[in-house]
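Some notes on the structure that comes next.
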């Protein structure tokens, strides 16, 4: 079991041993840093999870192939241009970016992964990127402020950078393991499509297959349990690099590996919640818990349907303890349950019992919903399975951000 | 084939032979008529389509049972209270409404269907309804203004009444057949849940099984192809009564029946489009056509995913020809297709060709999108199947209507 889980204030993706990084401006966004480079000093084991959208950007198809090799040295991330729907020219440009990085860093050409986020259907301005890569290579560093700069360089409509670092220890490990991470995303939004990108590092040593399994399991209950608007980007990806430069080593499935998954999951859940908190126009972070379900998949589907219901999200913006909308959304999730056994809690307020109306403190529930973080729990009273999904409310600013942007 | 299809201005659900109706106020809504009664002078054949939500109002469960008998005499509709999530008391109250109507009209107790729309989780004010039913029975009529009054009496947040009447003729029929209909719905919205209710009449004579098949097919491409916000009410239903009082008769499947389905479908599509046009806060009616698909179900699923994408709907409000969001939404529909063969048209403007960016008249496309009715066509260029879905845009008023209401 995990003995210790200690956050390191101000640190991020370069906190684990073996990583340097830089964030620079190359002019893709109207202002601020827009190019991030993360380099592993050794050959890191890598794993990744990619968008399930049928329309996939060049970087998604390319980085998926690199991940299949199980090992890589660097990730180049640009914000401001998604390089999606650009046909063969987009594929060539993406490969060129990776080649430029590999040549300047004297790496094998297939050791560089790429990720892009921003406007769709516009070719990359390659001269700006060539100069930017030169600057980024020159600026590689492991200073305290690098991680914040890096997290800012991958932002699009995000209103704050999202990153964190932890040192964890387990009674099953030979040594503590460090974890770092950053992500971006606040919906599928302006300039044309924003994207959920997440990058995680660790200094543990473990085989690629185990790392991929750990990533899959952590993503399922973190990034894949966040929904802002139900829209899935063409560019979504989550990559992890394990440098093996620390003393921690996980060589096989078992309790040590389970603790690694546990630690990684905690990091990812923390980052994922920041994405929901920063949803476009969000006034609050909303945690939807469905418990007492027959299956975890069913619980997840109900929670996600509630979290994506426009009527639920507008009621949350209005601080309205409208349990009828919660039941309506649960009912259309396509999961069998008995409507007459559901209990609904908004914070500590039981607002619906056995599927029906009960007396409750309406003003108290309203006041609770005005908070910056709120929790809603549906208990189906059918089984023991639970799922949690994070989302935000729909405000006037959601419409403003998404309608007033013009391609 | 249909030879004639003639709209009758100002007429509605009582236009076919054999129906009388009334719309009265009984005090469930803050103002206006809120109780509608439709009575068939003969025993009508009936069919119905009901919400697939797991949480179903008392009237849905009750009316479904009446429909199973295949024959009924009346429909009582109240607006302002959904009588949903009210447990056994809700069931008892619903039965009492039907009994009051049957007693006053000297009908068998199981000849009355009920439909409710409005706030959830509040018991029906039965004294008001008892007086209202007495008024409604006394007011039964077939005057010209009855149909408009009736359509207003079933409204909740609708901004205009939705009704129509047609006389159709086919070379396969012995006589012309009349159709009348009304519906309500502008999303799943305040007071707590609004609902899509639709009621259709015809004076043709046909067996219940054929009527049900006709209704199923018409609903699939009309009411089930409309989406305002993807939310499905606990109270949705669509009922049809065929009085058999005209000279038209359809006794078996075949060309005469196909023409009946065609005529019924035209009526339902017309009514369904009014629901999308009146979506909460809508500034325009949007028709999404997906063609060139391998299967009709796939085309429908892609069209519906696009129509429900918050990012598409906000871009439409902003009059932005943002084809990237259309492709993104299509790609997450879970239907296989080749992203490199899609063409996208906004009105007459080809805005995306073979899945990529092309030059187009951006100002022209923007101006087109400012219209009150717009069409978007995605051609997958894979097969011959087509589906059409109607929706509306998301405006500031959508948020306002849904967030500022308090239960």
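Protein chains in written order, with the numbering used here: chain A, 26 to 432; chain B, 26 to 432.
Heads up, the beta-carbon is just placed ideally off N, CA and C, and yes, glycines get one too.
On a predicted model such as this, the values are computed, not experimentally measured, just so you know.
- request: Using the Cα positions of residue 427 of chain A and residue 56 of chain A, report the straight-line distance between them to the nearest angstrom.
  value: So the alpha carbons of these two residues sit roughly 20 Å apart.
query: For residue 339 of chain B and chain A, any beta-carbon pair shorter than 9 Å?
result: It does: the Cβ of residue 339 of chain B has a partner Cβ on chain A nearer than 9 Å.
message: Tell me the residue span of the beta strand (DSSP E) that contains residue 332 of chain B.
response: No beta strand (DSSP E) holds residue 332 of chain B; the alpha helix (DSSP H) holding it covers 321 to 333.
message: I'd like to know whether the C-beta of residue 79 of chain B is nearer than 9 Å to at least one C-beta of chain A.
response: Residue 79 of chain B has a beta carbon lying within less than 9 Å of a beta carbon in chain A.
Rounded C-alpha distance that separates residue 323 of chain A from residue 411 of chain A: For residue 323 of chain A and residue 411 of chain A, the distance between alpha carbons rounds to 9 Å.
query: Beta-carbon of residue 199 of chain A versus every beta-carbon of chain B: anything under 9 Å?
result: Interface flag for residue 199 of chain A against chain B is unset, since no Cβ pair is found closer than 9 Å.
message: Using only the alpha-carbon positions, how far apart do residue 245 of chain A and residue 325 of chain A sit?
response: The straight-line gap from Cα to Cα measures roughly 10 Å.
- request: Determine the burial state of residue 338 of chain A: buried for a count of at least 16 other Cβ atoms within 10 Å of its Cβ, exposed for fewer.
  value: By the neighbour-count rule (16 or more Cβ atoms within 10 Å), residue 338 of chain A is buried.
message: Judging by CA-CA distance, which residue of A:405, A:327 and A:389 is the nearest neighbour of residue 364 of chain A?
response: Nearest option by C-alpha distance: A:405.
- prompt: What distance in whole Å lies between the Cβ atoms of residue 116 of chain A and residue 148 of chain A, which are believed to be in contact at a cut-off of 8 Å?
  reply: Not confirmed; about 12 Å, so no contact.
task: Please classify residue 173 of chain A: does DSSP put it in a helix, a strand, or coil?
output: Here residue 173 of chain A sits in helix by DSSP.
Other residues of its chain near residue 368 of chain A: CB distance less than 6 Å, five sequence neighbours each side excluded: So the list reads 378 and 404, once near-sequence residues are dropped.
query: Is the number of C-beta pairs between the region 273 to 280 of chain A and the region 91 to 103 of chain A that are closer than 8 Å three or more?
result: No, the region 273 to 280 of chain A is not in contact with the region 91 to 103 of chain A.
field: Beta-carbon neighbours of residue 421 of chain A, restricted to chain B and to distances below 9 Å
entry: Within 9 Å Cβ-Cβ: 421, 424, 425 and 428.
field: Spatial neighbours of residue 272 of chain B in its chain, beta-carbon cut-off 7 Å, leaving aside the 5 residues before and after
entry: Result list for residue 272 of chain B: 199 and 200, in chain order.
- request: Check residue 79 of chain A in the structure and name its three-state DSSP category.
  value: Coil at residue 79 of chain A, not helix or strand.
message: Tell me the rounded alpha-carbon separation between residue 398 of chain A and residue 343 of chain A.
response: It is roughly 14 Å from the alpha-carbon of residue 398 of chain A to the alpha-carbon of residue 343 of chain A.
- prompt: residue 383 of chain B by DSSP, collapsed to three states: which one?
  reply: In the structure shown, residue 383 of chain B sits in coil (DSSP, three-state: anything other than H, G, I, E or B).
- prompt: Can you list the residues of chain B that residue 221 of chain A reaches, using a CB-CB cut of under 9 Å?
  reply: Within 9 Å Cβ-Cβ: nothing; residue 221 of chain A doesn't reach chain B, min ~13 Å.
query: Roughly how many angstroms separate the alpha carbons of residue 197 of chain B and residue 230 of chain B, rounded to a whole number?
result: Rounded to whole angstroms, the separation of the alpha carbons of residue 230 of chain B and residue 197 of chain B is 14 Å.
- prompt: chain B beta carbons: is any one of them nearer than 9 Å to that of residue 362 of chain A?
  reply: Output row for residue 362 of chain A: interface = yes.
query: Looking at C-alpha atoms only, which residue of A:99, A:96, A:80 and A:130 is the closest neighbour of residue 107 of chain A?
result: For residue 107 of chain A, the nearest C-alpha among the options comes from A:80.
message: So that I know if they touch, is there some Cβ in chain A lying closer than 9 Å to that of residue 325 of chain B?
response: False, the Cβ-Cβ gap to chain A never drops below 9 Å.
Nearest candidate by alpha-carbon position, reference residue 320 of chain B, set B:226, B:143 and B:362: Comparing Cα-Cα distances from residue 320 of chain B to each of B:226, B:143 and B:362, the minimum goes to B:362.
- prompt: Hey, how far is the Cα of residue 83 of chain B from the Cα of residue 73 of chain B?
  reply: C-alpha separation (whole angstroms): 15 Å.
message: What does the Cβ neighbour count give for residue 163 of chain B, buried or exposed, with the cut at 16 atoms within 10 Å?
response: The Cβ neighbour count for residue 163 of chain B, taken over all protein chains shown within 10 Å, is under 16; the residue is labelled exposed.
- request: Closer than 9 Å, Cβ to Cβ, to anything on chain B: give me those residues from the region 137 to 169 of chain A, in chain order.
  value: Across the region 137 to 169 of chain A, CB contacts with chain B closer than 9 Å involve 144, 145, 146, 147 and 148, in sequence order along the chain.
query: Using the beta-carbon of each residue, which ones in chain A are nearer than 7 Å to residue 295 of chain B?
result: The contacting residues do not exist; residue 295 of chain B stays about 26 Å from chain A at best.
As assigned by DSSP and simplified to three states, the class of residue 272 of chain B: In the displayed model, residue 272 of chain B falls within coil according to three-state DSSP, outside both helix and strand.
message: Quick check: is the beta carbon of residue 98 of chain B nearer than 9 Å to any beta carbon in chain A?
response: No - not a single Cβ of chain A is within 9 Å of the one on residue 98 of chain B.
Contained beta strand (DSSP E) runs [length at least 3] in the region 78 to 166 of chain A, N- to C-terminal order: Whole beta strand (DSSP E) segments, 3+ residues: 96 to 106 and 137 to 144.
message: Between which residues of its own chain and residue 135 of chain B is the CB-CB distance below 7 Å, once the five residues before and five after are set aside?
response: Shown here for residue 135 of chain B: same chain residues with a beta carbon closer than 7 Å to its own, the five before and five after excluded, namely 91 and 94 in chain order.
message: Rounded to whole angstroms, what is the Cα-Cα separation between residue 123 of chain A and residue 181 of chain A?
response: If you draw a straight line from the Cα of residue 123 of chain A to the Cα of residue 181 of chain A, it comes to about 22 Å.
query: Does the Cβ of residue 26 of chain A have 16 or more other Cβ atoms within 10 Å, making it buried, or fewer, making it exposed?
result: When all chains shown are included, residue 26 of chain A counts as exposed.
- request: Just grab the DSSP bridge partners of residue 419 of chain A for me.
  value: Per DSSP, none; premise fails for residue 419 of chain A.
message: Within 9 Å of any Cβ in chain B, is that where the Cβ of residue 355 of chain A sits?
response: It does: the Cβ of residue 355 of chain A has a partner Cβ on chain B nearer than 9 Å.
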